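Line by line, the protein sequences are chains V and H.
For any residue, its number in my numbering is found by taking its place in the first sequence, counting from 1, and adding 219.
For any residue, its number in my numbering is found by taking its place in the second sequence, counting from 1, and adding 219.
We put the beta carbon where it would ideally sit given N, CA and C, even for glycine.
Fair warning: this is a prediction, and the values are worked out from it, not measured in the lab.
Here is the structure we will look at.
Number of protein chains: 2
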Amino acid sequence: MYGLVGRMTAVAGQRDALVAILLDGTDGMPGCHSYVVALDPGDPDTIWITEVWDGPESHRASLALPSVQAAIARARPLIRGMEQVAETTPVGGHGLVDVSA
Amino acid sequence: MYGLVGRMTAVAGQRDALVAILLDGTDGMPGCHSYVVALDPGDPDTIWITEVWDGPESHRASLALPSVQAAIARARPLIRGMEQVAETTPVGGHGLVDVSA
């Protein structure tokens, strides 16, 4: 598996709008075991995104999906910055959706 | 919801043993929507743990569960350090187990 921990910074005042796009545009992505969007309670502009994919190829391929492309186009003007905090190799746990089907 | 992103460092050579304890002792915790254990591919001693709970109370309560207490006792000698990278407020996504039942 392939995991990402990312920190996104929204343009001031646009975090809620950006979160709505992230939640809407990233549903049902092939190979995606987990995709969690979270607010940073200590910073009004910061969003944490934690992802688990079956491999880096699925993550890369997701960026070309029409639904994700549309979400990126809508989200771009609301994003001030994006930092990849960690790239990981998930080995198990709880809440990993079965994507073998 | 209540989320945590943590980075744990194992005693040298003990990461696999520590991961096995984490995966074994943390199954079926009440109020836990997601608990993912991941290796850091760039550091042989580092583990990333990302958690989503229905609230901080469930997370705190989990630490008192007999299964978790037993896991902590077994894990402690294998842990060199633990850093809380982020405390978050998850708002949605994919892979969040329903704990309302």
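Coil, strand or helix - residue i by DSSP
i, result
"Pro309(V)", "strand"
"Val318(V)", "coil"
"Val230(H)", "coil"
Beta-carbon proximity check, residue i vs residue j, cutoff 8 Å
i, j, result
"Gly314(V)", "Gly232(H)", "no"
"Ile298(V)", "Met220(V)", "no"
"Ile266(V)", "Leu258(V)", "yes"
"Gly261(V)", "Tyr254(H)", "no"
"Cys251(V)", "Val304(V)", "no"
"Leu241(V)", "Glu270(V)", "no"
"Gly244(H)", "Ser286(H)", "yes"
"Val310(V)", "Val256(H)", "yes"
"Leu237(V)", "Ala294(V)", "yes"
DSSP beta-bridge partners of residue i
i, result
"Leu242(H)", "For Leu242(H), which the question treats as bridged, DSSP gives no partner whatsoever."
"Gly300(H)", "Thr228(H)"
"Gly222(V)", "Val271(V) and Thr307(V)"
Sequence-distant residues of its chain with Cβ nearer than 8 Å to residue i (five each side left out)
i, result
"Gly300(V)", "Met227 and Thr228"
"Gly274(H)", "Met220, Tyr221 and Gly250"
"Leu282(V)", "Gln288 and Ile291"
"Thr308(H)", "Met220, Tyr221 and Gly222"
Proximity test, Cβ basis, 8 Å: residue i and chain B
i, result
"His278(V)", "Included in the structure are the protein chains V and H, with no chain B among them."
6 Å Cβ shell around residue i - same chain, five flanking residues per side excluded
i, result
"Glu302(H)", "Arg226"
"Pro263(V)", "none"
"Arg234(V)", "Asp264"
"Met248(V)", "Ser281"
Self-check item: Continuous beta strand (DSSP E) assignments of at least 3 residues falling wholly in the region 256–297 of chain H
Solution: Listed in chain order, they are 265–272.
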